[in-house]
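Engineer:
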Amino acid sequence: MRYSNLINIGSSRPALHSMMSTLTLEQWHEEISAAHERIKPWIRRTPLEHSGVLSELYMANIYIKLESEQLTGSFKIRGVFSKLFQLQEQDVIDKKKGPIVASTGNHALAFNYALKVLRLKGTTYVTDTISTVKEATLRHVGADLVKYGHDCVDCEIAARTAAKEEERSYISPYNDADVIAGQGTIGKEIYEDLQGVDVVFVPVGGGGLISGIAAYLKAVKPSVQALMSKVMYECVKAGKIMFEESKPTLSDGTSGGVEQQSVTFDLCHDLIDDWVLVEEDQIANAVHFMVEHHHKIVEGAAGVSLAALMKVASKYQNKNLVVVASGANIGIDVLKMILNRK
Numbered sequence: 001m002r003y004s005n006l007i008n009i010g011s012s013r014p015a016l017h018s019m020m021s022t023l024t025l026e027q028w029h030e031e032i033s034a035a036h037e038r039i040k041p042w043i044r045r046t047p048l049e050h051s052g053v054l055s056e057l058y059m060a061n062i063y064i065k066l067e068s069e070q071l072t073g074s075f076k077i078r079g080v081f082s083k084l085f086q087l088q089e090q091d092v093i094d095k096k097k098g099p100i101v102a103s104t105g106n107h108a109l110a111f112n113y114a115l116k117v118l119r120l121k122g123t124t125y126v127t128d129t130i131s132t133v134k135e136a137t138l139r140h141v142g143a144d145l146v147k148y149g150h151d152c153v154d155c156e157i158a159a160r161t162a163a164k165e166e167e168r169s170y171i172s173p174y175n176d177a178d179v180i181a182g183q184g185t186i187g188k189e190i191y192e193d194l195q196g197v198d199v200v201f202v203p204v205g206g207g208g209l210i211s212g213i214a215a216y217l218k219a220v221k222p223s224v225q226a227l228m229s230k231v232m233y234e235c236v237k238a239g240k241i242m243f244e245e246s247k248p249t250l251s252d253g254t255s256g257g258v259e260q261q262s263v264t265f266d267l268c269h270d271l272i273d274d275w276v277l278v279e280e281d282q283i284a285n286a287v288h289f290m291v292e293h294h295h296k297i298v299e300g301a302a303g304v305s306l307a308a309l310m311k312v313a314s315k316y317q318n319k320n321l322v323v324v325a326s327g328a329n330i331g332i333d334v335l336k337m338i339l340n341r342k
């Protein structure tokens, strides 16, 4: 089971809780805008594609933000470049060893691409459950891989510990303001391309993507309602970060727990209001739908946001809806299984 976030622009909404973070929405707007200026020569401005078939099915104006066509096959390159440029500006990158990251795959793919482009060194911690296509791709580009644990949180703790012991920079997949600002540039592009946007559907793992997008959109249109991922939802409901063991899912990009003291907890607590539960079959159907009707390959995490839209779109007739297709890094065997389903 997966949950997807939904951002609803323009409805009535009380003021943000004071616990959100040390940055105001106006400051997040400034940080995200600055991040966009830093990274835009190095990334693709991905299409915001109108979906005629979805629009007709659900009697709404539906668009897909195709981060599946981003460099390295996912949105993660935005946050990685944002952070690396900040570290370079601060002159704190170890030239001999470089930074350390921990990732289920997409963050690692983005990190190693950026290292190659910027001619830097680095080490990548991955879980034992990394998908075959992502591991093969990482090894092909010569990544220095360290496998550790079955869960993202364990892997992140090990990577942070190594970075501290070796006096190297650690770049979190989500628990970092510069990374969040980089991911938030998607929200900036959505708003620039569709200022009448009403609702944005976003898949969620650690919360970096939704935090950045929601922070930007709330800054330009203050009222935002959001639907959450299961792990982060359980944390927000409990009022604290909780551990939840990862289970096998087509959406491996949103699997795993949330790191203790993650900045995304407060952001999700204050910027997100609701959630949509989608089943594995619904994720598979959404991936199949994208291939059949849009001739686009997307991974399971992107299927989560589309499946969520399909589940609740009837509530948003005549609205401008955006689905964030977060990535395309799906294993060929998994894709074959989905396409061959009856």
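Number 196 in UniProt numbering belongs to position 196 of the sequence shown; there are no gaps in the numbering.
All residues carry an ideal CB built from backbone N, CA and C; glycine is no exception.
Here's a check: name, in chain order, each residue in its chain whose Cβ is nearer than 8 Å to the Cβ of Lys319, leaving out the five neighbours to either side.
Structural biologist: Closer than 8 Å at Cβ, skipping near neighbours: Ala60, Asn61, Asp198, Val199.
Engineer: When we look at the beta-carbon of Asp91 and count the other beta-carbons within 10 Å, is it buried (16 or more) or exposed?
Structural biologist: Label assigned to Asp91: exposed.
Engineer: Over what stretch of residues does the alpha helix (DSSP H) that includes Lys83 continue unbroken?
Structural biologist: Where Lys83 is concerned, the enclosing alpha helix (DSSP H) stretches over 76-90.
Engineer: Going by other Cβ atoms of all chains shown within 10 Å of its Cβ, with 16 needed for buried, is Arg119 buried or exposed?
Structural biologist: Burial call: exposed.
Engineer: Tell me which same chain residues have a C-beta within less than 6 Å of the C-beta of Gly73, skipping the five on either side of it?
Structural biologist: Gly327, Ala328, Asn329, listed in sequence order.
Engineer: With a threshold of 16 other CB atoms inside 10 Å of the CB of Gly196, please say whether the residue is buried or exposed.
Structural biologist: Exposed, by the Cβ-count rule.
Engineer: Give a yes or no on whether the C-beta atoms belonging to Ala325 and Leu115 are separated by under 8 Å.
Structural biologist: No, these two residues do not count as a Cβ contact at 8 Å.
Engineer: For the candidate residues Tyr191, Ala102, Val298, whose alpha-carbon lies nearest to that of Tyr170?
Structural biologist: Closest by alpha carbon: Ala102.
Engineer: Which residue's Cα is closest to the Cα of Gly206: Pro222, Val179, Val133, Tyr191?
Structural biologist: Taking only the C-alpha atoms, the option nearest Gly206 is Val179.
Engineer: At what residues does the beta strand (DSSP E) containing Ala102 begin and finish?
Structural biologist: 100-103 is the extent of the beta strand (DSSP E) around Ala102.
Engineer: What does the Cβ neighbour count give for Lys96, buried or exposed, with the cut at 16 atoms within 10 Å?
Structural biologist: So Lys96 ends up on the exposed side.
Engineer: Would Ile213 and Gly182 qualify as a contact pair, given that the criterion is a beta-carbon distance under 8 Å?
Structural biologist: Not in contact: Ile213 and Gly182 (Cβ atoms no closer than 8 Å).
Engineer: Would you mind stating whether Leu109 and Leu145 have Cβ atoms separated by less than 8 Å?
Structural biologist: Against a cut-off of 8 Å, the Cβ pair of Leu145 and Leu109 comes out as no contact.
Engineer: Per DSSP, what kind of secondary structure is Phe142 in: helix, strand or coil?
Structural biologist: Looking at the sequence shown, residue 142 is not Phe but Gly. The answer is coil: DSSP assigns Gly142 none of H, G, I, E or B.
Engineer: Going by beta carbon distance, what residues of the same chain come within less than 7 Å of Gly331, once the five residues before and after it are set aside?
Structural biologist: Taken in chain order, the residues that qualify are Ser131, Thr132, Val133.
Engineer: Taking only runs of the alpha helix (DSSP H) that begin and end inside the segment 101-186, which ones reach a length of at least 4 residues, in chain order?
Structural biologist: 106-118, 132-140, 152-165, all fully within the segment 101-186.
Engineer: By DSSP's criteria, Ile62 is part of a beta bridge. Which residues make up the other side?
Structural biologist: Leu321, per the DSSP bridge assignment.
Engineer: Does Glu49 come out as helix, strand or coil in the three-state DSSP assignment?
Structural biologist: If DSSP states are grouped into helix, strand and coil, Glu49 belongs with the strands.
Engineer: In chain order, what residues of the same chain lie with their CB nearer than 8 Å to the CB of Leu339, ignoring the 5 residues before and after it?
Structural biologist: So the qualifying residues of the chain are His288, Val291.
Engineer: Does Leu23 come out as helix, strand or coil in the three-state DSSP assignment?
Structural biologist: The answer is coil: DSSP assigns Leu23 none of H, G, I, E or B.
Engineer: Measure the alpha-carbon distance for Arg38 versus Arg44 and round it to whole angstroms.
Structural biologist: Roughly 13 Å between the two C-alpha positions.
Engineer: The alpha helix (DSSP H) that contains Val220, what's its start and end?
Structural biologist: Here the alpha helix (DSSP H) through Val220 covers 208-220.
Engineer: Among the candidates Ala313, Gly105, Phe81, Cys152, whose CA atom is the shortest distance from the CA of Val117?
Structural biologist: That would be Phe81, whose Cα lies nearest to the Cα of Val117.
Engineer: Would a C-beta distance cut-off of 8 Å place Ala215 and Leu271 closer than the cut-off?
Structural biologist: Against a cut-off of 8 Å, the Cβ pair of Leu271 and Ala215 comes out as a contact.
Engineer: Excluding sequence positions up to five away, which residues of its chain have a Cβ less than 6 Å from the Cβ of Leu321?
Structural biologist: Result list for Leu321: Ala60, Ile62, Val199, in chain order.
Engineer: Mind checking which residues open and close the alpha helix (DSSP H) that includes Val287?
Structural biologist: Segment 280-294, the alpha helix (DSSP H) holding Val287.
Engineer: Is Val298 helix, strand or coil when you go by DSSP?
Structural biologist: DSSP places Val298 in coil when its eight states are reduced to three.
Engineer: Rounded to the nearest angstrom, what separates Tyr191 and Thr123 at their Cα positions?
Structural biologist: Using only the alpha carbons, I get a separation of about 35 Å.
Engineer: For Pro41, list the residues DSSP reports as bridge partners.
Structural biologist: Pro41 is not bridged to any residue.
Engineer: Tell me whether Gly327 sits in a helix, a strand or coil according to DSSP, three-state version.
Structural biologist: Looking at Gly327 - three-state DSSP - the assignment turns out to be strand.
Engineer: Less than 8 Å between the C-beta atoms of Ile64 and Gln70, yes or no?
Structural biologist: Their beta carbons are not under 8 Å apart, which means Ile64 does not touch Gln70 by this criterion.
Engineer: What residues are listed by DSSP as bridge partners for Val204?
Structural biologist: Paired residue(s): none; Val204 is not in a bridge.
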